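Data first, discussion second: the structure below is written as structure tokens.
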Amino acid sequence: MANSGRLALIFASAFAALLLAPAFLSFQFSPYDLVKWGDIVDLATPLVLLPLYWFLFQAGPRTPTVREVVAFLVLAALWVEGQGMHLGANSIGHLVSETGTDLADLTHFYDEVLSHYLWHAGIMGLSALAVWREWRVQGAQGSVSLASLLPAAIIYGATFFVIVIEGATWPLGLPFAALVTIFGLTYARRSLMGRPLLSFFVGAHALTLVLFLAWAIVQGGLPEFSEVGIID
-17 MANSGRLALI FASAFAALLL APAFLSFQFS PYDLVKWGDI VDLATPLVLL
33 PLYWFLFQAG PRTPTVREVV AFLVLAALWV EGQGMHLGAN SIGHLVSETG
83 TDLADLTHFY DEVLSHYLWH AGIMGLSALA VWREWRVQGA QGSVSLASLL
133 PAAIIYGATF FVIVIEGATW PLGLPFAALV TIFGLTYARR SLMGRPLLSF
183 FVGAHALTLV LFLAWAIVQG GLPEFSEVGI ID
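Mapping the sequence shown onto my numbering, position 138 (from 1) lands on 120, and the numbers just tick up by one.
Written as structure tokens, this is what we have:
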């Protein structure tokens, strides 16, 4: 299933680029200087990633059922709701200089708490749905191309670790990574090499789990990167 391997690599690369780039694009957007270039990238994020999620979702020999399509639409809506909330609140938060006010507190809640949990829950839900669909298919779907899937899993797993740590959603992301890894290594281990997308997501979340462990050992916990001075 070379096509699935290439699709996973394209998806992982786009996921990493679009979710990590805004942190490094904090300079003003000159046509409208209340907005930053990172905000412009955020505007494009769902327009690029959700079609790729759909391609991952419907990949494989079995046509999605109505229930599966409804589940995809609900999770995609959750994803967009969280990402859009984060974009708006984060952009406004850059202009709120007062701390301790109701405005600052509400902006922070939408920007750093609610939006992150909604968005990351959507990310995890869409991943879980893709894993579930491929696991349910009877029989192997072909050989797995490690040339595409290995770098895809590394890119996605590392990026997922970064966004969960910096987004402070590890109480959700850590158990999810553990569950996907345990599922892959127990219930689905005999069929991993015949199911490329299942292999991709299991490998990616296994890497995420290792990175969580390493970060916890080094830092004595799971602080955000900004809290330890790695990023602003």
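C-beta: ideal position from N, C-alpha, C; glycine also.
Note that the coordinates shown come from a computational prediction; the quantities given were computed from them, not determined experimentally.
CB of residue i within 8 Å of CB of residue j, strictly
i: W152; j: L100; result: no
i: L111; j: F54; result: yes
i: A41; j: S(-14); result: yes
i: A(-6); j: I105; result: no
i: L179; j: L38; result: yes
i: L194; j: A135; result: For the record, residue 194 in the displayed sequence is Phe; it is not Leu. No; because the gap between Cβ atoms is not below 8 Å, this pair is not in contact.
i: G139; j: V146; result: no
i: V113; j: V162; result: yes
i: P28; j: V56; result: no
i: S130; j: L2; result: no
i: D21; j: L69; result: yes
i: A150; j: H187; result: no
i: Y35; j: L85; result: no
i: I164; j: A5; result: no
Outcome for residue i when other beta-carbon atoms lying within 10 angstroms are tallied against a minimum of 16
i: V210; result: exposed
i: V216; result: One cannot answer for residue 216 here, as it falls past the ends of the chain, which runs -17 to 214.
i: M(-17); result: Because M(-17) carries a pLDDT of 46, less than 50, the predicted location of this residue cannot be relied on, and the following value inherits that uncertainty. Per the 10 Å Cβ criterion, buried.
i: R118; result: exposed
i: E148; result: buried
i: F142; result: buried
i: T89; result: buried
i: S208; result: exposed
i: F91; result: exposed
i: E80; result: exposed
i: T190; result: buried
i: F158; result: buried
i: A196; result: exposed
DSSP state of residue i mapped onto helix, strand, coil
i: A(-6); result: helix
i: A(-16); result: Reliability fails at A(-16), whose pLDDT of 49 lies under 50, so the model's placement of it is uncertain and the value that follows must be treated cautiously. Three-state result, A(-16): helix.
i: I199; result: helix
i: L16; result: coil
Is the stretch -6 to 12 touching the stretch 43 to 61 in the sense that three or more CB pairs, one from each, lie closer than 8 Å? no
Could you tell me which whole alpha helix (DSSP H) segments of length 4 or greater appear in the stretch 109 to 195? 128 to 148 and 152 to 168
Quick one: complete alpha helix (DSSP H) runs, 4+ long, within the stretch 18 to 96? 19 to 40, 48 to 75 and 84 to 90
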